[in-house]
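Written out below as structure tokens is the structure these notes cover.
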Amino acid sequence: MREDRLSGKKCTFGHSIKIKSWKIFMKKLGLFSILFLLFAISLFGEKIPIQDGAGFDGEFYRLVAENFSADFWNQGYDAFRIQRIFPFCAIHYGFKFFHVATTHENLMKAMLGLHGLNLLLQIFLFSRISKIVQWKPATEILLFAAFFLNFFTLKNCGYEPFQSDAFAISLSLLSLYFYLKGMKWGNLGIALLGAITWPLITLQCIFLVAFDRPFSLEKEGRNLSGKWALLYSALAVLVIAVLKMTGHGIVVTNLLMRDSNLAWTAASILFISAALWGVFRCIPRFRLNCGNFVKKCDWKFLTLSVFIWVAVKIFLKIHTNEEFFSSSSIFALQILLRPLKYPLISFVGHVAFYGILPILVAFTFRNFVKAFVNRSVGFALIFALLMVFALDSESRHLATLIPLLLLPLGEVLNSWELKKYQIFSLVGIQLLLSHFYLPINSENILSEMEAANWTGEAAQRYFMNFGAYMSLESYLLWLGISVLAILACYGILKIPSKRKMRFPDGGEQF
2 MREDRLSGKK CTFGHSIKIK SWKIFMKKLG LFSILFLLFA ISLFGEKIPI QDGAGFDGEF
62 YRLVAENFSA DFWNQGYDAF RIQRIFPFCA IHYGFKFFHV ATTHENLMKA MLGLHGLNLL
122 LQIFLFSRIS KIVQWKPATE ILLFAAFFLN FFTLKNCGYE PFQSDAFAIS LSLLSLYFYL
182 KGMKWGNLGI ALLGAITWPL ITLQCIFLVA FDRPFSLEKE GRNLSGKWAL LYSALAVLVI
242 AVLKMTGHGI VVTNLLMRDS NLAWTAASIL FISAALWGVF RCIPRFRLNC GNFVKKCDWK
302 FLTLSVFIWV AVKIFLKIHT NEEFFSSSSI FALQILLRPL KYPLISFVGH VAFYGILPIL
362 VAFTFRNFVK AFVNRSVGFA LIFALLMVFA LDSESRHLAT LIPLLLLPLG EVLNSWELKK
422 YQIFSLVGIQ LLLSHFYLPI NSENILSEME AANWTGEAAQ RYFMNFGAYM SLESYLLWLG
482 ISVLAILACY GILKIPSKRK MRFPDGGEQF
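The structure is reproduced here in structure tokens:
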């Protein structure tokens with residue numbers, strides 16, 4: 002405390018700051034406690050009843066952890082999964098170093114322990130990023146809840162632990178942290194690890210560092226027309242027609258995971274076209290000076306990172322076998338056609354998997370896009386990747402792009418004056434949407450999984466969370482939940498959602 006020279010009264014400003022800081026600390030501590038408790042329940046709770054808790058692809062990755070040094074150098078691995086083996090290689094050599102037997106029980110304990118350490122790393126990186134970009138306490142709490150308190154973290158990681166997704170997210174967070182700290186060679190290391198954990202990370206690192214220059218955003222710049230949305234519709238219709246006419250209609254059926262139904266397909270195309278029209282209309286005007294761009298591009302980093310990426314790809318190619326069929330063409334068709342299963346199934350799937358995060362992005366979309374694209378050409382390229390992968394109804398494919406959403410979304414939320422009840426209400430909705438409290442295993446789940454009956458009532462307890470695998474009943478259920486969540490979030494945020502957000506360039510958007 003100090004005395005005011007004019008009034009002689011004691012000032013408690015410093016004391017009030019300490020009290021406020023203490024209250025913020027206690028709120029964060031409460032959030033951390035909820036996360037740790039629910040994550041621990043997930044880790045030591047129910048497991049997928051396939052291959053002693055390893056799951057489908059998890060059985061392969063458990064074998065990598067068990068026999069990597071023998072299998073990799075002899076028969077090798079398939080072209081797809083060889084790009085996701087890093088966490089399991091680390092466990093394998095850790096076991097060899099400490100002379101631990103690679104039993105199923107020991108490997109499960111190692112995976113659960115690695116997930117626990119991975120969560121601590123994510124929390125640390127999230128806190129450091131928050132400090133660097135100076136999120137307000139309300140923004141930090143809301144983003145923390147949206148990023149951590151979802152189905153993936155609170156349920157999926159513990160239920161099917163032999164997957165690389167959670168570790169790929171950590172690499173993406175670490176890449177973002179290195180970018181904000183200006184540690185470009187750290188990002189080169191992340192790009193290398195990304196090539197054997199989740200290849201999209203390598204591309205993200207290259208975009209972030211090599212193209213870290215902003216667009217020239219001016220009134221006379223080019224504005225993307227909403228008419229570009231028709232391109233998706235035309236391409237989807239053309240691909241379906243060609244596949245049907247050439248006798249490959251079964252490909253369409255398999256990708257949609259439902260019987261042919263023209264009404265569902267037409268309705269899906271209509272809704273996606275409308276959504277994409279809105280997306281393109283929200284992208285700000287820009288002008289790219291090619292000469293200036295070429296001069297400012299980090300060609301040294303770009304050349305070196307591409308060289309290392311190609312070298313790793315060649316090395317992995319040498320150790321690749323044909324055990325598991327993987328095709329980039331099929332993956333592209335998945336992204337193109339899977340959204341046509343049911344209207345807006347991609348968005349519904351994202352809500353089931355990530356909770357309020359896609360809703361917050363939708364509510365702030367115009368400002369979100371501007372904050373995203375304004376940052377740099379690299380972020381603009383990543384935004385293009387985001388739009389492509391967001392179309393895919395299998396939500397987990399977005400995993401490594403989620404950390405990069407935090408910067409633009411945090412910038413928008415920082416411009417709002419959120420009240421305590423709004424924050425607590427949104428965190429509550431996020432916890433409800435995570436459905437961590439609903440058990441997955443039931444009486445018939447094993448038989449339905451073994452029979453590949455993904456749309457069975459028991460199997461849907463798990464597979465409904467992956468968008469593309471939703472049955473009609475699960476889709477309608479989550480569509481209703483999504484609508485209710487949107488209405489609830491709108492009611493909570495209706496006042497700040499009308500505020501204007503000002504940007505450094507002097508522009509403002511609603």
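Residue 2 is where the sequence shown starts when you use my numbering, and the numbers rise one by one after that.
For every residue, glycine included, the Cβ atom is placed at its ideal position computed from N, Cα and C.
Paired residues, beta bridge with residue i - DSSP
{"i": "Thr321", "result": "Tyr78"}
8 Å Cβ cutoff, residue i in contact with chain D
{"i": "Glu60", "result": "Judged by its chain identifiers, the structure shown contains no chain D, having just a single protein chain."}
Straight-line gap, residue i to residue j (C-alpha atoms, nearest Å)
{"i": "Ala333", "j": "Gly356", "result": "26 Å"}
{"i": "Leu177", "j": "Val134", "result": "11 Å"}
{"i": "Leu271", "j": "Lys342", "result": "12 Å"}
{"i": "Asn375", "j": "Pro215", "result": "6 Å"}
{"i": "Ile441", "j": "Tyr470", "result": "15 Å"}
{"i": "Gly468", "j": "Ser396", "result": "6 Å"}
{"i": "Ser448", "j": "Ala353", "result": "24 Å"}
{"i": "Arg63", "j": "Ser472", "result": "29 Å"}
{"i": "Ile493", "j": "Lys185", "result": "40 Å"}
{"i": "Phe425", "j": "Ser475", "result": "28 Å"}
{"i": "Lys421", "j": "Ala139", "result": "8 Å"}
{"i": "Phe208", "j": "Val413", "result": "23 Å"}
{"i": "Phe364", "j": "Ala385", "result": "19 Å"}
{"i": "Phe69", "j": "Asp58", "result": "16 Å"}
{"i": "Lys495", "j": "Ala268", "result": "29 Å"}
{"i": "Glu444", "j": "Ile336", "result": "33 Å"}
{"i": "Trp479", "j": "Val349", "result": "6 Å"}
{"i": "Phe73", "j": "Ala167", "result": "23 Å"}
{"i": "Phe179", "j": "Glu324", "result": "37 Å"}
{"i": "Leu121", "j": "Tyr233", "result": "41 Å"}
{"i": "Asp260", "j": "Lys29", "result": "48 Å"}
{"i": "Arg339", "j": "Ala276", "result": "16 Å"}
{"i": "Phe366", "j": "Cys283", "result": "7 Å"}
{"i": "Lys48", "j": "Gly56", "result": "9 Å"}
{"i": "Pro344", "j": "Lys297", "result": "43 Å"}
{"i": "Ser329", "j": "Ala80", "result": "11 Å"}
{"i": "Ala111", "j": "Gly248", "result": "48 Å"}
{"i": "Phe308", "j": "Ser22", "result": "48 Å"}
{"i": "Phe99", "j": "Ile86", "result": "20 Å"}
{"i": "Leu143", "j": "Leu410", "result": "10 Å"}
{"i": "Phe212", "j": "Phe152", "result": "34 Å"}
{"i": "Thr456", "j": "Asn466", "result": "12 Å"}
{"i": "Leu488", "j": "Leu432", "result": "16 Å"}
{"i": "Ala459", "j": "Asp53", "result": "19 Å"}
{"i": "Leu189", "j": "Asp299", "result": "13 Å"}
{"i": "Ala264", "j": "Ala237", "result": "15 Å"}
{"i": "Asn75", "j": "Phe61", "result": "16 Å"}
{"i": "Asn454", "j": "Met258", "result": "11 Å"}
Residue closest to residue i, alpha-carbon to alpha-carbon, out of the options
{"i": "Gly117", "options": "Ala102, Ser70, Lys137 and Ser171", "result": "Ser171"}
{"i": "Thr203", "options": "Ile191, Phe212, Ala211 and Asp213", "result": "Ile191"}
{"i": "Val378", "options": "Met112, Phe87, Val295 and Phe57", "result": "Val295"}
{"i": "Leu105", "options": "Leu113, Phe212 and Asn322", "result": "According to the sequence as given, residue 105 is His; it is not Leu. It is Leu113."}
{"i": "Tyr491", "options": "Phe380, Asn454, Val362 and Ser165", "result": "Val362"}
{"i": "Glu418", "options": "Lys137, Ala91 and Tyr94", "result": "Lys137"}
{"i": "Gly95", "options": "Arg85, Asn107 and Gln84", "result": "Asn107"}
{"i": "Ile51", "options": "Ala381, Trp300, Phe281 and Tyr463", "result": "Tyr463"}
{"i": "Leu174", "options": "Ile35, Ile130, Glu458 and Leu338", "result": "Ile130"}
{"i": "Pro88", "options": "Ala196, Ser128 and Phe33", "result": "Ala196"}
{"i": "Trp278", "options": "Leu406, Leu36, Met388 and Asn454", "result": "Met388"}
{"i": "Val370", "options": "Phe148, His351, Leu406 and Gln431", "result": "Leu406"}
{"i": "Ile251", "options": "Asn119, Ile331 and Gln461", "result": "Ile331"}
{"i": "Ser416", "options": "Ala372, Glu458 and Pro404", "result": "Ala372"}
{"i": "Leu36", "options": "Phe437, Cys90 and Ile446", "result": "Phe437"}
{"i": "Gln84", "options": "Asn454, Thr321, Met450 and Gly411", "result": "Thr321"}
{"i": "Leu201", "options": "Gln431, Trp265, Ile403 and Met465", "result": "Ile403"}
{"i": "Asn262", "options": "Ile241, Met246 and Ala102", "result": "Ile241"}
{"i": "Ala235", "options": "Leu439, Asp299, Ser128 and Thr266", "result": "Thr266"}
{"i": "Val210", "options": "Leu194, Lys182 and Ala237", "result": "Lys182"}
Whole-angstrom C-beta distance between residue j and residue i, which should lie under 8 Å
{"i": "Ser435", "j": "Ser394", "result": "About 19 Å separates the two Cβ atoms, so there is no contact after all."}
{"i": "Ala66", "j": "Ile92", "result": "4 Å"}
{"i": "Leu39", "j": "Leu155", "result": "5 Å"}
{"i": "Ile169", "j": "Ala312", "result": "For the sequence presented, residue 169 should be read as Ala rather than Ile. With 8 Å as the limit, Ala169 and Ala312 do not qualify as a contact, their Cβ atoms being about 21 Å apart."}
State whether the segment 316-325 contacts the segment 229-242, with contact taken as three or more CB pairs (one from each stretch) at a distance under 8 Å. no
Taking contact to mean at least 3 C-beta pairs separated by less than 8 Å, is the segment 146-164 in contact with the segment 33-48? yes
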